[in-house]
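S.K.: A single structure is presented below for examination.
There are 2 protein chains.
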Amino acid sequence: MSQQSIHRATQVLGLFTFEKPSWRVSDIAKALGLAVGTTHGIVSALERCEFLAQDPASKEYKLGLKLLELGALQSVTFSLNRKAATPINYLSRHTSTIGRVGVLNNDVVLTTMSTDHQEWHPSSYIGPTVPAFCTGIGRAILAYMPGEEVIAHLARVKLHQYTSKTLTDPVRLRAEFTATRERGYSLVYGETLVHLDTIGVPVFGPEGRVVGAVSLSGNPGQFASGDVAELAPQLLDAAMEISTHMGYRPQPHFL
Amino acid sequence: MSQQSIHRATQVLGLFTFEKPSWRVSDIAKALGLAVGTTHGIVSALERCEFLAQDPASKEYKLGLKLLELGALQSVTFSLNRKAATPINYLSRHTSTIGRVGVLNNDVVLTTMSTDHQEWHPSSYIGPTVPAFCTGIGRAILAYMPGEEVIAHLARVKLHQYTSKTLTDPVRLRAEFTATRERGYSLVYGETLVHLDTIGVPVFGPEGRVVGAVSLSGNPGQFASGDVAELAPQLLDAAMEISTHMGYRPQPHFL
DNA sequence: AACAGCATTCGATAATACCGAAAGGAATAG
DNA sequence: CTATTCCTTTCGGTATTATCGAATGCTGTT
């Protein structure tokens, strides 16, 4: 069709992960099934544009500074973040919890904003993407997605047992989605990390489609049932405000 | 030469700024002097790879989620950040100041890490890039760069008067670089933002070249002369530790 | 209802990226 | 110290691929 060069370039960039942040030309070529000469052309083009940077000593390539620049720009101009920043920051500070904003992208939750800058730090890095089925944001989104899409999603992803509390049975998960809809918010008690509890509320856009979710997280002590009764309404309010700004118009009830 | 497709793709991405985060195909074509058909090919390839996202209603393109992912990954695997994270976080908390890590890239300072998550928020966004000549990190780097490179840099950039205190005279700036070398750290009192004071210390790599800098910022009350006398040695210590981890080996004095 | 402006599609052409081989370097083994 | 190996980088011919310009289709406006 069109533009395979660009597609290959993005494939190269997609190889870089937290576990393997440095790649040699020949390994990239092997991973993508391309000739080394071809790969070298792509890689050096990406280097000239600062999408990759080469360590002069080891000849290995790492992600370049231009990506940092573009990533920060995308985050800051992302409409969901722009709408959610003020209310979620306020709630997070006011309630001493960690506030997050995220979307479901390629079957994983991509955290697009977080009030916890710790989480971006190298030491405890798990990546900006987390599974959907066992996180506050993911559950909130899945609970309000069309049923067939949810089933397809659950079939595609691996329901890994992260902690002893993690729900991995599709049937029980769907029951939990129903419960989430009845409550209006998701509840995840130590299913991702043992000492982390989260509540999540979906954000809607035009035509009532879920476009993302917001969440508050903290240690188990902060999420006793009484605390949740206080937190949830505030987060629901915030999410409604964000949804409205995202173009959501609640259906009139008389229809 | 090679790979103009990729180069054009990055040119497209480079058009997106905080001031203009949304582009139409025809405007991109105009800005880059390409045919609209050609531009559409590039843009839709970038969209397929999630480097761009199209608003279905307005048909305008914005930066895509993949860039957020890659940007976060680059930040977290960036070796300077990895080495600086622990000491700068500690210092920042311990002294109630804002800690930053940055490099000089294309004549501007790119902030690669910051303990102030406020600054990434839409409301007060000035971009991850800031001028070098009037910021703590920038001054620290410039002061330790080879003289001819500094002169070339100062000739290329516009020395804008951000506040009434901003030094814009190249001669006085070079005197300040000398003073910075004598002190070992840069001092910037309200030259970028009136109510922000900063001290910056360079980070060295192999062969003694400056590879970046770290800084501490706060409001003017926190940076009285006595306070600086306490802060500076700690930041100098931290920077030396980071430099060592970056491969810097101090020259033996007996040579 | 006609128009204007834009995104998108399409086909022919010419340029460009691809491949495979070879050269150049660096590190390790003999 | 030399030989070997592995990897990066360069090079040229070929075929694929991106490009351009025009045509089509869509949307919102006059």
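Protein chains in written order, with our numbering: chain W, -17 to 237; chain Z, -17 to 237. Even glycine gets a Cβ: it sits at the ideal position worked out from N, Cα and C.
CB-CB under 7 Å to Z:Q11, same chain, minus the five flanking residues each way: which ones, in chain order?
M.R.: Taking the first residue of the second sequence as 1, we reach residue 11 of chain Z at position 29. Position check: residue 11 of chain Z holds Ala in this sequence, whereas Gln was assumed. Within the same chain, Z:A11 has close Cβ partners A17, V18, T21.
S.K.: When you compare the CB positions of Z:T180 and Z:S197, do they come within less than 7 Å of one another, or not?
M.R.: As a working note, residue 180 of chain Z is residue 198 in the second sequence. As a working note, residue 197 of chain Z is residue 215 in the second sequence. Taking 7 Å as the Cβ cut-off, Z:T180 and Z:S197 qualify as a contacting pair.
S.K.: Which parts of the stretch 72 to 135 of chain W are runs of the alpha helix (DSSP H), unbroken and 4 residues or longer, counting only runs that do not cross its ends?
M.R.: 118 to 125
S.K.: Entirely within the stretch 131 to 182 of chain Z and at least 3 residues each: give me those beta strand (DSSP E) ranges in chain order.
M.R.: Secondary structure in the stretch 131 to 182 of chain Z: the beta strand (DSSP E) runs of 3 residues or longer, each lying completely within the stretch, are 168 to 171 in chain order.
S.K.: Got a sec? Which residues, its chain only, sit under 8 Å from Z:L218 by beta carbon, not counting five neighbours each side?
M.R.: On the second sequence, position 236 is the one that residue 218 of chain Z refers to. Correct list, in chain order: G166, Y167, V183.
S.K.: Over the uninterrupted beta strand (DSSP E) stretch that includes Z:S225, give me the two end residues.
M.R.: Working through the second sequence from its first residue, we reach residue 225 of chain Z at position 243. Taken as a continuous stretch (DSSP letters only), Z:S225 belongs to no beta strand (DSSP E), being part of the alpha helix (DSSP H) at 207 to 227.
S.K.: In chain order, what residues of the same chain lie with their CB nearer than 7 Å to the CB of Z:S225, ignoring the 5 residues before and after it?
M.R.: Working through the second sequence from its first residue, we reach residue 225 of chain Z at position 243. Excluding positions up to five away in sequence, the list reads V185, F186.
S.K.: Using only alpha-carbon positions, find the residue among Z:S4, Z:E189, Z:G129, Z:E130 that is nearest to W:V58.
M.R.: By 1-based counting over the first sequence, the position of residue 58 of chain W is 76. Measuring from the Cα of W:V58, the nearest candidate turns out to be Z:S4.
S.K.: Of the residues Z:T77, Z:E130, Z:D89, Z:P110, which one's Cα is nearest the Cα of Z:V83?
M.R.: For the purposes of this step, residue 83 of chain Z is taken as the residue at position 101 of the second sequence. Measuring from the Cα of Z:V83, the nearest candidate turns out to be Z:P110.
S.K.: At 8 Å on the CB atoms, spell out the chain W contacts of Z:N201, in chain order.
M.R.: For this step, residue 201 of chain Z is matched to residue 219 along the second sequence. What Z:N201 touches in chain W: nothing, since even the nearest Cβ is about 19 Å away.
S.K.: Please state the DSSP three-state secondary structure of Z:K41.
M.R.: Locating residue 41 of chain Z in the second sequence gives position 59, where the first residue counts as 1. It is coil, neither helix nor strand.
S.K.: Look up Z:P3 in the DSSP assignment and say whether it is helix, strand or coil.
M.R.: As a position in the second sequence, residue 3 of chain Z is number 21, starting the count at 1. Note: Z:P3 maps to coil in three-state DSSP.
S.K.: Terminal residues of the continuous beta strand (DSSP E) containing Z:Q36?
M.R.: By 1-based counting over the second sequence, the position of residue 36 of chain Z is 54. Judged by DSSP secondary structure, Z:Q36 falls within the beta strand (DSSP E) whose first and last residues are 34 to 36.
S.K.: Are the stretch 127 to 145 of chain W and the stretch 81 to 97 of chain Z in contact at 8 Å, needing three or more beta carbon pairs?
M.R.: no
S.K.: Since Z:F(-2) contacts W:L55 with CB under 8 Å, what's their CB separation in whole angstroms?
M.R.: Within the second sequence, residue -2 of chain Z is the residue found at index 16, counting from 1. Within the first sequence, residue 55 of chain W is the residue found at index 73, counting from 1. About 6 Å separates the two Cβ atoms, so the contact holds.
S.K.: Could you work out which residues of chain W lie near Z:Q(-15), taking near to mean beta carbons separated by less than 7 Å?
M.R.: On the second sequence, residue -15 of chain Z is found 3 positions in, with the first residue counted as 1. By Cβ distance, chain W contributes S(-13), G23, I24, A27.
S.K.: So, helix, strand or coil for Z:V(-6), using DSSP?
M.R.: The count along the second sequence starts at 1 and reaches residue -6 of chain Z at position 12. Helix.
S.K.: For Z:L237, count neighbouring Cβ atoms within 10 angstroms of its own Cβ and tell me buried if that reaches 16, exposed if not.
M.R.: Along the second sequence, read from residue 1 onward, the residue named residue 237 of chain Z stands at position 255. Any answer about Z:L237 is weak, because its pLDDT of 45 lies below 50 and its placement is not dependable; what the coordinates show is given next. Burial call: exposed.
S.K.: Determine the burial state of Z:T97: buried for a count of at least 16 other Cβ atoms within 10 Å of its Cβ, exposed for fewer.
M.R.: Counting from 1 along the second sequence, the entry for residue 97 of chain Z is found at position 115. Flag for Z:T97 reads buried.
S.K.: With which residues is Z:F186 paired in a DSSP beta bridge?
M.R.: Here residue 186 of chain Z refers to the residue found at position 204 of the second sequence. In the DSSP assignment, the residues bridged to Z:F186 are Z:V192.
S.K.: Label Z:N201 either buried or exposed according to how many other C-beta atoms from any shown protein chain fall within 10 Å of its C-beta, with 16 as the threshold for buried.
M.R.: Looking up residue 201 of chain Z in the second sequence gives position 219. So Z:N201 counts as exposed.
S.K.: Could you check what DSSP says for Z:Q(-15) in three-state terms: helix, strand or coil?
M.R.: As a working mapping, residue -15 of chain Z is identified with position 3 in the second sequence. Correct three-state label for Z:Q(-15): coil.
S.K.: Taking 7 Å as the threshold (beta carbon to beta carbon), is Z:T(-8) in contact with chain W?
M.R.: Here residue -8 of chain Z corresponds to residue number 10 of the second sequence, with the count starting at 1. Chain W, which has a Cβ nearer than 7 Å to the Cβ of Z:T(-8), makes this yes.
S.K.: Taking the alpha carbon of W:R163 as the point to measure from, which residue in W:T145, W:R121, W:Q(-14) has its own alpha carbon closest?
M.R.: Here residue 163 of chain W refers to the residue found at position 181 when the first sequence is read from its first residue. For the residues W:T145, W:R121, W:Q(-14), the minimum Cα distance to W:R163 belongs to W:R121.
S.K.: Going by CA-CA distance only, name the one from Z:D9, Z:A114, Z:G53 that's closest to Z:Q143.
M.R.: By one-based count along the second sequence, residue 143 of chain Z stands at place 161. Taking Z:Q143 as reference, the option from Z:D9, Z:A114, Z:G53 with the minimal CA-CA separation is Z:A114.
S.K.: Any C-beta of chain W within less than 8 Å: which residues of the stretch 45 to 57 of chain Z qualify?
M.R.: L45, G46, L47, K48, L49, L50, E51, L52, G53, A54, L55, Q56, S57
S.K.: Could you check the C-alpha separation between W:K48 and Z:L149 for me, to the nearest Å?
M.R.: Sequence index remark: in the first sequence, residue 48 of chain W carries index 66 (1-based). Sequence index remark: in the second sequence, residue 149 of chain Z carries index 167 (1-based). Roughly 29 Å separates the two Cα atoms.
S.K.: In whole angstroms, what is the alpha-carbon distance linking Z:C31 and Z:S8?
M.R.: Start at 1 with the first residue of the second sequence, and residue 31 of chain Z comes out as number 49. Start at 1 with the first residue of the second sequence, and residue 8 of chain Z comes out as number 26. When rounded, the distance between both Cα atoms is 20 Å.
S.K.: Alpha carbon to alpha carbon, how far is Z:T93 from W:V153?
M.R.: Taking the first residue of the second sequence as position 1, residue 93 of chain Z is located at position 111. Taking the first residue of the first sequence as position 1, residue 153 of chain W is located at position 171. Z:T93 and W:V153: Cα-Cα distance of roughly 47 Å.
S.K.: Pull up the distance between the alpha-carbon of W:L213 and that of Z:T68, whole angstroms please.
M.R.: Looking up residue 213 of chain W in the first sequence gives position 231. Looking up residue 68 of chain Z in the second sequence gives position 86. Spanning the two alpha carbons is a distance of roughly 32 Å.
S.K.: Report buried or exposed for Z:G46, applying the criterion of at least 16 other Cβ atoms within 10 angstroms of its Cβ.
M.R.: Here residue 46 of chain Z refers to the residue found at position 64 of the second sequence. Counting Cβ neighbours within 10 Å, Z:G46 comes out buried, since at least 16 surround it.
S.K.: Is it the case that the Cβ atoms of Z:Q(-15) and W:A27 are separated by a distance below 7 Å?
M.R.: Reading the second sequence from its first residue, position 3 is the one you call residue -15 of chain Z. Reading the first sequence from its first residue, position 45 is the one you call residue 27 of chain W. Yes, they are a contact pair.
S.K.: Of all Cβ atoms in chain W, is any one closer than 7 Å to the Cβ of Z:L198?
M.R.: As a position in the second sequence, residue 198 of chain Z is number 216, starting the count at 1. Not one beta carbon of chain W lies nearer than 7 Å to the beta carbon of Z:L198.
S.K.: Which bits of chain W does Z:F(-2) rub up against, with CB to CB less than 9 Å?
M.R.: By 1-based counting over the second sequence, the position of residue -2 of chain Z is 16. Ordered by position in chain W, the residues that pass the 9 Å Cβ test against Z:F(-2) are L52, L55, Q56, T59.
S.K.: So which residues on chain W does Z:T94 lean against when the C-beta distance must stay under 7 Å?
M.R.: To locate residue 94 of chain Z, count along the second sequence from 1; it is residue 112. Chain W residues near Z:T94: L50.
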